[in-house]
Amino acid sequence: MDYLPFEKYLEGLDRSSKTVEGYLQDLRLFEKWFEQTNGEKFSPKGFTSIDGREYRSYLLTVEKAAAATINRKIAALRAFGAWTVSSNYFDSNPLASLHGIKEQNAGIRWLDKKEQSALLRQLDKDFNAAKTESAKRNAIRNRSIVILFLNSGLRIGELCDLAMDDVDLSERKGSIIVREGKGRKMRTIPLNLHARAALTEWLSIRGSTSHSEVFSGQRGNALTPNAIQRFLDELARICNIEATPHSLRHTFCKNLINAGVTIEKVAAIAGHESIQSTRRYIEPSANDLERAVATLDN
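Counting from 901, one number per residue, gives the positions in the sequence shown under the working numbering.
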């Protein structure tokens, strides 16, 4: 199917390029499932609400996808359904009543203080073990990235897009600007002492590059989400900890809540579209529940 008209429709709604790209990818996966399941070509007027419900069930029971993943795909389907109405394929959106999956807080993962310290200690070890200037540079960069994740709550895409002009540092204060966060919302994040020190150290050795992004790879090219994920996977493996860019973001939000920061302020700093997203950090996580039950062992 030609998705160009749908793409133009999304752009007309002023959706971000990342949202458009994600919706198109999700729709192509739905198209593939539809044709394999129904044995017929997918078309804008050839699907029903039943297809939407069966696909949701497939994602839940066969793919065993996370609730957040399912809900994102459903959002793409509903947007596609709205486009079919605007393009006169249907009088009403056939997927308007397709609801998402309730996300349980137990699925949220954040690191406790011991795990956070373990990551930072290993990053220090990596720097001390570095034998070449290139290895030292990478170690400083990686340490700066992890500290920034833990002290700013940036999403991985936001960190990769962070440009030199978005950073404002001085000895006593600093901030970074997220120019296109989720929902195309711009926000300014104040930086604490740890984040300022880590960024200052990295920028002092970053050198000149052909791009404006803050973080660069070994060859001077802008660092990609995949590259960050790879080094963080290796770091987590060495420390025997489950750690991802998103769990570091969750950790930042949880640390703020534990420090007594109001959920309204946490939501603003994290760039949450809904205060309900921030309320998850008030409720117990899977780790909290495990520790609660373990107290009976003492």
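By construction, the Cβ of each residue, glycine as well, lies at the ideal position given by its N, Cα and C atoms.
Same chain, Cβ closer than 7 Å to residue i, neighbours up to 5 away in sequence not counted
i: residue 941; result: 935
i: residue 996; result: 978, 981
i: residue 1063; result: 1112, 1113, 1114
i: residue 1037; result: 1105
i: residue 1101; result: 1040, 1044
i: residue 923; result: 910, 976, 979
i: residue 1172; result: 1178
i: residue 1033; result: none
i: residue 1085; result: 1171
i: residue 1076; result: 1052, 1062, 1066, 1067, 1089, 1091
i: residue 1125; result: 1056, 1057, 1060
i: residue 912; result: none
Given residue i as reference, the closest of the options once Cα atoms are compared
i: residue 966; options: 1008, 993, 980, 995; result: 1008
i: residue 1153; options: 1143, 1170, 1145; result: 1170
i: residue 949; options: 930, 971, 998, 918; result: 998
i: residue 952; options: 930, 1177, 963; result: 930
i: residue 1060; options: 1189, 923, 903, 1127; result: 1127
i: residue 1035; options: 1119, 1184, 1145; result: 1119
i: residue 1072; options: 1080, 1087, 1092; result: 1092
i: residue 902; options: 925, 1160, 915; result: 925
i: residue 1129; options: 1042, 1077, 1030; result: 1042
i: residue 1142; options: 1108, 1016, 1159; result: 1016
i: residue 1108; options: 1158, 1121, 1176, 937; result: 1121
i: residue 1144; options: 909, 915, 1019, 987; result: 1019
i: residue 937; options: 928, 955, 1190, 1193; result: 955
i: residue 1011; options: 1155, 1176, 1160; result: 1155
i: residue 1013; options: 1158, 1162, 1000, 905; result: 1158
i: residue 1002; options: 1189, 905, 1177, 1123; result: 1177
i: residue 1067; options: 1116, 1175, 1089; result: 1089
i: residue 852; options: 1164, 1123, 1195, 1125; result: With the chain represented from 901 up to 1198, any question about residue 852 goes unanswered, as that position is not in the structure.
i: residue 1000; options: 957, 1173, 1022, 1029; result: 957
i: residue 915; options: 1166, 1080, 1116, 1192; result: 1080
Beta-carbon proximity list for residue i, same chain, < 6 Å, skipping 5 on both sides
i: residue 946; result: none
i: residue 993; result: 981, 982, 985
i: residue 944; result: 984, 989
i: residue 1078; result: 1058, 1087
i: residue 932; result: none
i: residue 1026; result: 1039
Per DSSP, cross-strand counterpart(s) of residue i
i: residue 916; result: The partner list for residue 916 (beta bridge, DSSP) is empty, contrary to what the question assumes.
Other residues of its chain near residue i: CB distance less than 8 Å, five sequence neighbours each side excluded
i: residue 1095; result: 1047, 1048, 1051, 1052, 1074
i: residue 959; result: 965, 969, 970, 973
i: residue 1168; result: 1087
i: residue 1069; result: 1091, 1096, 1099, 1100, 1103
i: residue 905; result: 983, 987
i: residue 1022; result: 1135, 1138, 1139
i: residue 1030; result: 1036, 1038, 1039
* To do: Tell me the start and end of each unbroken alpha helix (DSSP H) in the stretch 1037-1097 that is at least 4 residues and wholly inside, in chain order.
  => The stretch 1037-1097 is shown to contain whole alpha helix (DSSP H) runs of 4 or more residues at 1056-1061, in chain order.
* **Segment contact, 8 Å Cβ cut-off, at least three pairs: the stretch 1038-1055 with the stretch 1127-1135** => Taking 8 Å as the limit for Cβ pairs, the verdict is that the stretch 1127-1135 does touch the stretch 1038-1055.
* **Cβ contact (3+ pairs, closer than 8 Å) linking the stretch 1054-1070 and the stretch 1139-1150** => A contact is defined here as three or more CB-CB pairs under 8 Å, and the stretch 1054-1070 meets this definition with respect to the stretch 1139-1150.
* Asked: What are the start and end residues of each continuous alpha helix (DSSP H) run of 4 or more residues lying completely inside the stretch 1092-1160, in chain order?
  -> Counting only runs of 4 or more residues that sit fully inside the stretch 1092-1160, the alpha helix (DSSP H) segments are 1093-1106, 1125-1139, 1145-1158, in chain order.
* Asked: Using 8 Å as the threshold, is the stretch 968-976 in touch with the stretch 917-930, meaning 3 or more CB pairs across them?
  -> Counting Cβ pairs under 8 Å, three or more are found: they touch.
* To do: Please list the segments of the alpha helix (DSSP H) lying wholly inside the stretch 930-968, counting only runs of 4 or more residues, in order along the chain.
  => Qualifying alpha helix (DSSP H) stretches, in chain order: 949-961.
* Start-end ranges of the alpha helix (DSSP H) lying completely within the stretch 988-1038, minimum 4 residues -> With a minimum length of 4 residues, the continuous alpha helix (DSSP H) runs that stay inside the stretch 988-1038 are 1013-1029.
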